[in-house]
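The structure appears below as structure tokens.
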């Protein structure tokens with residue numbers, strides 16, 4: 080009898096594809112146990128039990144679909160049927176300005192604010208600061224460069240060079256005593272000035288506009304330097320025993336935004352580690368994952384479990400130089416160990432990228448881009464503030480194909496009606512939609528592609544991208560398309576095609592079965608848009 084009652088909640092899950100949290104399940108189990116002891120022969124209803132002490136207020140009927148979806152269902156964010164775009168930003172101290180310059184050039188060519196492009200951004204050290212500044216606080220890269228330079232000047236003030244034996248000895252003693260080369264209080268003050276002292280990491284942005292998820296890396300001092308993530312999101316993937324890192328979920332107090340940044344930039348030897356209540360001591364993860372690409376890709380598996388791989392991954396470095404050749408007279412075990420550490424994949428961003436890239440399936444490698452800059456004169460030190468101006472002035476270029484891929488991935492397809500079986504196959508009618516401002520997007524497509532059209536591979540040509548059935552007044556884009564597939568499992572792709580290039584739009588290649596599943600055509604309850612009727616409502620219905 081007990082197990083019959085205890086399984087009642089799970090029966091509802093199996094029947095309706097509903098997902099109860101452990102809190103809901105615990106509450107229902109208590110109700111079930113009470114009924115067992117008081118009314119052994121009674122039939123236990125988990126739905127009625129959940130409502131016993133919660134009378135339905137007047138006017139709640141029209142909101143029941145939204146509320147029930149948010150509480151009980153697999154409540155993924157809108158557009159979850161799309162494959163994610165992922166940014167991974169390396170650490171590198173003041174060389175983070177290289178990352179910002181690449182993002183500035185990308186910003187110049189893409190007709191969207193940068194923070195609207197990626198679905199997930201993961202940053203280490205300086206990359207974490209940039210992730211917070213641009214993708215959490217929703218700022219532009221051009222302004223971020225000047226803020227970054229000012230921030231570096233505040234936390235890395237000039238220090239006198241002591242040439243005498245006594246002076247150097249004093250510096251060593253002071254370093255040993257304070258466990259840091261620079262003033263950690265000055266770092267705290269600079270971070271509070273940059274991000275405010277009261278805002279939490281797990282909090283909506285100041286603009287109240289939805290942006291992508293952000294994760295910043297840190298290293299757990301109390302756990303032998305284990306890699307961890309501090310995030311502005313929560314997901315269902317807590318199987319940390321299958322990962323090389325953990326996701327910090329605060330049990331006592333949610334960290335402030337500046338505190339999270341402080342954990343990620345507390346470089347070993349430069350600043351003291353940061354203590355977070357209920358979490359412990361955290362420091363810079365640059366010695367664990369200076370290039371967070373591997374972590375970013377692994378994180379997408381938990382956040383988007385229905386997608387096989389990201390649609391696009393952009394990894395941005397902080398400069399590299401060729402490994403210096405060592406003299407045969409300086410090849411002792413200390414030098415060998417030091418070079419193995421410094422130029423290993425954990426610390427060296429380029430090696431870390433290559434290590435993660437080599438472990439990707441060949442098909443997934445085609446969607447990964449690395450932006451980095453070769454510094455012929457070697458890498459400046461992490462605290463070399465005087466090098467920032469020279470790094471900013473260097474030339475930076477973005478590959479044309481990367482711009483084409485980003486633009487194409489901002490377009491996506493949705494079915495407008497249920498597929499119909501015909502003599503020629505299964506007829507699909509739907510719309511190609513776009514994320515972003517209509518005029519800017521169309522201008523970017525024409526700039527990056529030559530005479531762009533939508534095409535099906537294999538199959539039909541749907542005509543010019545600029546010829547659409549949307550509304551130019553309200554900046555609404557809609558390209559109505561119709562095509563036929565042989566079976567629901569037949570794989571096909573929709574692409575933007577020009578005379579010289581072709582890039583698929585977001586979510587492709589795919590099958591009709593996957594589209595039907597992700598759009599919730601057969602889901603009467605719990606769809607991502609919180610509607611209980613399937614057919615999507617378009618802003619403009621124009622033939």
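In my numbering, the protein residues as written are 80 to 622.
Idealized CB from N, CA, C, for every residue including glycine.
Here the structure is a predicted model, which means the values were calculated and not measured.
Residue j beta carbon less than 8 Å from that of residue i
| i | j | result |
| --- | --- | --- |
| residue 309 | residue 280 | yes |
| residue 361 | residue 297 | yes |
| residue 235 | residue 464 | yes |
| residue 215 | residue 355 | no |
| residue 231 | residue 467 | yes |
| residue 540 | residue 532 | yes |
| residue 504 | residue 493 | no |
| residue 507 | residue 591 | yes |
| residue 323 | residue 382 | no |
| residue 207 | residue 213 | no |
| residue 211 | residue 166 | no |
| residue 203 | residue 435 | no |
| residue 179 | residue 185 | no |
| residue 577 | residue 390 | no |
| residue 554 | residue 516 | yes |
| residue 217 | residue 290 | yes |
| residue 396 | residue 428 | yes |
| residue 629 | residue 340 | There is no way to answer for residue 629, as the model of the chain reaches only from 80 to 622. |
Residue environment, residue i, which counts as buried when at least 16 other CB atoms sit within 10 Å
| i | result |
| --- | --- |
| residue 330 | exposed |
| residue 344 | buried |
| residue 566 | exposed |
| residue 547 | buried |
| residue 461 | buried |
| residue 169 | buried |
| residue 148 | Note on residue 148: pLDDT 47, under 50, position unreliable in the model; the coordinate value appears next. Label assigned to residue 148: buried. |
| residue 110 | buried |
| residue 222 | exposed |
| residue 338 | buried |
| residue 477 | buried |
| residue 455 | exposed |
| residue 264 | exposed |
| residue 334 | buried |
| residue 474 | exposed |
| residue 472 | exposed |
| residue 487 | buried |
| residue 113 | exposed |
| residue 189 | buried |
Alpha-carbon spacing of residue i relative to residue j, whole angstroms
| i | j | result |
| --- | --- | --- |
| residue 511 | residue 600 | 17 Å |
| residue 198 | residue 284 | 15 Å |
| residue 144 | residue 312 | Legend: pLDDT at residue 144 = 49, less than 50; position of this residue unreliable, value from coordinates given subsequently. Approximately 23 Å between the Cα atoms of the pair. |
| residue 500 | residue 276 | 60 Å |
| residue 446 | residue 582 | 11 Å |
| residue 596 | residue 225 | 46 Å |
| residue 191 | residue 480 | 17 Å |
| residue 183 | residue 398 | 16 Å |
| residue 299 | residue 484 | 37 Å |
| residue 558 | residue 195 | 22 Å |
| residue 579 | residue 201 | 33 Å |
| residue 469 | residue 459 | 11 Å |
| residue 556 | residue 181 | 29 Å |
| residue 524 | residue 482 | 10 Å |
| residue 116 | residue 105 | 17 Å |
| residue 527 | residue 209 | 27 Å |
| residue 118 | residue 585 | 54 Å |
| residue 380 | residue 388 | 8 Å |
| residue 457 | residue 568 | 53 Å |
Three-state class that DSSP yields for residue i in the structure shown
| i | result |
| --- | --- |
| residue 312 | coil |
| residue 342 | helix |
| residue 195 | helix |
| residue 207 | helix |
| residue 353 | strand |
| residue 215 | helix |
| residue 397 | coil |
| residue 362 | strand |
| residue 260 | coil |
| residue 151 | Only weak support exists for where residue 151 lies, its pLDDT of 42 falling under 50; the value from the coordinates is given anyway. Residue state, collapsed to three classes: helix. |
| residue 325 | strand |
| residue 124 | coil |
| residue 178 | helix |
| residue 510 | strand |
| residue 493 | strand |
| residue 114 | helix |
| residue 281 | coil |
Residue i at chain B interface by Cβ criterion, 8 Å
| i | result |
| --- | --- |
| residue 576 | Of the protein chains in the structure, only one exists, and it is not chain B. |
- Task: Identify every run of the beta strand (DSSP E) within the segment 535-614, keeping only runs that are complete inside it and at least 3 residues long; order them along the chain.
- Result: Restricting attention to beta strand (DSSP E) runs no shorter than 3 residues, the segment 535-614 encloses them at 540-543, 558-564, 570-576, 581-583, ordered along the chain.
- Please specify which runs of the alpha helix (DSSP H), each continuous and at least 4 residues long, are wholly inside the segment 419-485, giving them in chain order. For the segment 419-485, whole alpha helix (DSSP H) runs of length 4 or above, ordered along the chain, are 428-437, 441-444, 467-472.
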